[in-house]
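*Asks:*
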Amino acid sequence: MKVIDIIDLTKTYIMGENEVPALQGINIEVDSGEFVAIMGPSGSGKSTLMNIVGCLDRPTSGRYILEGVDVSRLDRDARAEIRNDKIGFVFQSFNLLPRTSALENVELPLLYSRKHHFNDSEILKKAYECLEIVGLKGRETHTSTQLSGGQQQRVAIARALINDPTILLADEPTGNLDTKTSNEVMQIFQRLNTEGKTVVLITHESEIAAFAKRQITLRDGKVLSDTK
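Whatever position you read off the sequence shown (first residue = 1), add 39 for our numbering.
#1: Which whole-angstrom value is the C-beta distance of R253 and G79, which I expect to be below 8 angstroms?
#2: Given this structure, state the Cα-to-Cα distance separating T242 from K164, to the nearest angstrom.
#3: Give me the Cα-Cα distance between T220 and L136, rounded to the nearest whole angstrom.
#4: What number of angstroms, rounded off, separates the C-alpha of F74 from the C-alpha of H156?
#5: Run through DSSP, which three-state label would E171 get?
#6: Please classify I67 as buried or exposed, where buried requires at least 16 other C-beta atoms within 10 Å of its C-beta.
#7: Please say whether G101 and L48 have beta carbons closer to each other than 9 angstroms?
#8: Taking the beta carbon of N202 as the centre, do at least 16 other beta carbons fall within 10 Å, making it buried, or is it exposed?
#9: Going residue by residue through the stretch 220-254, where are the continuous beta strand (DSSP E) segments of at least 3 residues, counting only ones entirely within it?
#10: Count the other CB atoms within 10 Å of the CB of I77; is the residue buried (16 or more) or exposed (fewer)?
#11: Distance, Cα to Cα, S71 vs T237?
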């Protein structure tokens with residue numbers, strides 16, 4: 040089943056009197072259960088594409104269809120609702136609340152979700168389960184400052200999973216980690232994908248992209264290659 044359908048997508052930024060094309064006629068399809076790495080150098084358009092796929096921004100033209108819904112022209116509130124319910128974000132900088140426990144960080148998305156109506160004990164149970172999935176059983180009460188970088192990223196992955204999103208969208212998730220820890224984190228994404236989760240990874244590192252089953256390379260806002 041097709042999860043993402045990107046059709047003739049463009050994004051142009053206005054810089055003073057100049058138009059700067061960031062994406063130029065992008066066409067990409069992603070099926071349910073795929074593990075796709077979108078890669079390219081700085082300025083290739085991958086971050087712009089991530090923002091659109093993540094419903095953080097809208098294209099200038101073209102269409103972005105997510106699970107059969109054309110989200111290209113939705114307003115900010117509608118995009119926020121889809122973002123909260125269908126997309127699990129994992130960022131390079133972890134984005135955890137520093138004085139809050141791992142468990143409380145993981146619970147947060149469910150507190151804002153309209154899709155799920157769990158009571159407090161159900162939310163707590165799901166947060167425990169998500170932390171166990173990423174190998175942090177026993178670390179639930181630790182705050183961010185008590186966790187290593189790799190452990191913080193695992194908390195971020197658990198937080199992204201708690202809403203049972205359609206897509207896991209990882210933006211340079213290993214950018215702040217050493218090689219050994221990066222490999223461990225990427226193995227978690229591989230395992231989640233093997234268990235059926237659709238993963239879209241944004242990276243500029245070919246070694247990290249190699250963990251994905253499919254690599255799409257962007258250059259100058261266009262698809263240069265696609266291993267599908």
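Even glycine gets a Cβ: it sits at the ideal position worked out from N, Cα and C. Source: prediction; values computed, not measured.
*Replies:* According to the structure shown:
#1: With a Cβ gap of about 15 angstroms, R253 and G79 do not count as contacting.
#2: Linking T242 to K164 through their CA atoms gives a straight-line distance of about 33 angstroms.
#3: Their Cα atoms are separated by approximately 21 angstroms.
#4: Counting only the Cα atoms, H156 lies some 29 angstroms from F74.
#5: helix
#6: buried
#7: yes
#8: Residue environment analysis places N202 among the buried positions, since at least 16 neighbouring C-beta atoms fall within 10 angstroms of its C-beta.
#9: 237-242
#10: buried
#11: 6 angstroms
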